Structures are given as C-alpha cells and as structure tokens.
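Asks: Below you'll find the structure I mean.
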C-alpha cells in the first residue's frame, strides 16, 4: 500500500508505466472479467482509454458544449440547495449576478468558490483507498523489489488529509486552497481523482459540472422546483453486501 503524496506521486507519476496495470477487485471481477476501460490491462486498456477520451471530448469534457446540459439539470435543485457560505454568495453576486447562468470563463474570477469545491472534494474522498494498480514488470521501488503483477493500493486519503499540506486536515477549511492574497493556490496533495496513467477519466467533466452547477445552486432563485422534486430526501436506504470467502492468501506491505 502506498501512503502519503510522495510515495503515491513517485509510483503513479515518476514510474507511471510500471504502475499502469489495474489490480483485481474480488467483488466485481466475476462480472467484468478484465473488460472495460476501468478494469482492462495491456493493449485492450490502451485502446479503450484512447476511445473513451475521444468520446468524452466529443461529448464536451471541459468545453462549453456541455454547459447547457449541466445548467438545465442544476436549475432543478435550486430550491433544495440554497444554503451555502456567505463568501460564496457574495462572490457569485459580484461575478455572475442573478440574471444569467454561470460560464466557464467566470471560474477564474471566483477563487473562494473554487476553493470551497476543492475542499468538498478533499473531505468527501469518494475513493479513500484508491482503486488497485498492478505492476506491469519487475520494479524496484523505495528499497523493495516488486515482481510483475504485484497489486498496489494507493491510499488517497493519506494525501488528502496530510497535515503537512493541510493545516486542519479533518476540518472543512477553504483556506487550504487560498494564498495570503485570496487567490487560488495549487496543493500537490490534492489528488481526489488519483494520478498517473490511470487517473479518473471523469476529472474534466467534474470540473465543468462544478463550475456550472455549483454557482447556480448556491444563489437565490425565483423559480419553484418541479413538483416531483419537492420530496427529495437525503436519507439513505440500508444496503447489505455479501461475499463468499476467498480461499486465497494475500500479503500487504505499507510503503
């Protein structure tokens, strides 16, 4: 297992080719059987990766063409999502106003709102453990010899909550991404989409989605929500996962 941004970055970026394989996930392996851009390896993965990138660019990943789709859906949540920080409201009013939808160009003028989104993504950490990688060839890494096909788990949460990079790692604090002048600053430990050749394909769409829907949902709106959305609930239903025991042996090494 890889802990800390230094180890994760060294493996997934500096040795990107060596760590570009995808490890197996016992729960989904019987279903996907090594197929699909998320679970494939070798030439199959490279072909699917190029195809997926081209398809998502055509869809509008990081481009204006996807803004209208996102804005339309964002309007449906206005009535339910009007509670947010005063700083976000102020910034939205100054940059966007109340009579037009947000655009990608506005984002660079809204560092505080951008920092809030970054902090939400940091604390949410949807993949705290990270998806398993697999060494594609015998590799020497930090004093260890990793044989080909060794599975490697980057613990993304160890970077996203590293006190060396985030002053209050367990608290919601947008200042983690703002410099002394209030401008947005880059933090190399911010890796919610992972790193390297297996970085999440949806990173670009996520940025476009946040830049278009977040300002829309954070400002007051005179339009009522559609009737079928007035009963939205955040109370989850209980889900129980069951898995047969595996008659295999495994060992883990913390790096």
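In the UniProt record's numbering, the protein residues as written are 1 to 255. Yeah, the Cβ is synthetic: ideal placement off N, Cα and C, and Gly gets one too. Values in this document were obtained by computation on a predicted structure and should not be read as measured data.
Do residue 155 and residue 195 have their beta-carbon atoms positioned less than 7 Å apart in this structure?
Replies: No, they are not a contact pair.
Asks: Cβ of residue 178 within 7 Å of Cβ of residue 115?
Replies: In contact: residue 178 and residue 115 (Cβ atoms closer than 7 Å).
Asks: Go to residue 140, then tell me how far its beta strand (DSSP E) extends in each direction, as first and last residue.
Replies: Element bounds for residue 140: 139-141.
Asks: I'd like the span of the alpha helix (DSSP H) that includes residue 108, first residue to last.
Replies: Run containing residue 108: none; DSSP gives neither H nor E here.
Asks: Go through its chain and collect everything with a Cβ distance to residue 184's Cβ below 7 Å, but skip five positions before and after it.
Replies: If we look at residue 184 and ignore the five residues flanking it on each side, its Cβ neighbours are 111, 114, 115, 177 and 178.
Asks: For residue 18, count neighbouring Cβ atoms within 10 angstroms of its own Cβ and tell me buried if that reaches 16, exposed if not.
Replies: Classification for residue 18: buried.
Asks: Out of 48, 190, 25 and 33, which one is the CA nearest neighbour of residue 164?
Replies: For the residues 48, 190, 25 and 33, the minimum Cα distance to residue 164 belongs to 190.
Asks: Where does residue 116 sit, in a helix, a strand or coil, going by DSSP?
Replies: Here residue 116 sits in helix by DSSP.
Asks: DSSP on residue 152, reduced to helix/strand/coil?
Replies: Of the three classes helix, strand and coil, the one that applies to residue 152 here is strand, per DSSP.
Asks: For a quick check, are the C-beta atoms of residue 148 and residue 161 less than 7 Å apart?
Replies: No, the pair does not count as a contact, with Cβ atoms beyond the cut-off.
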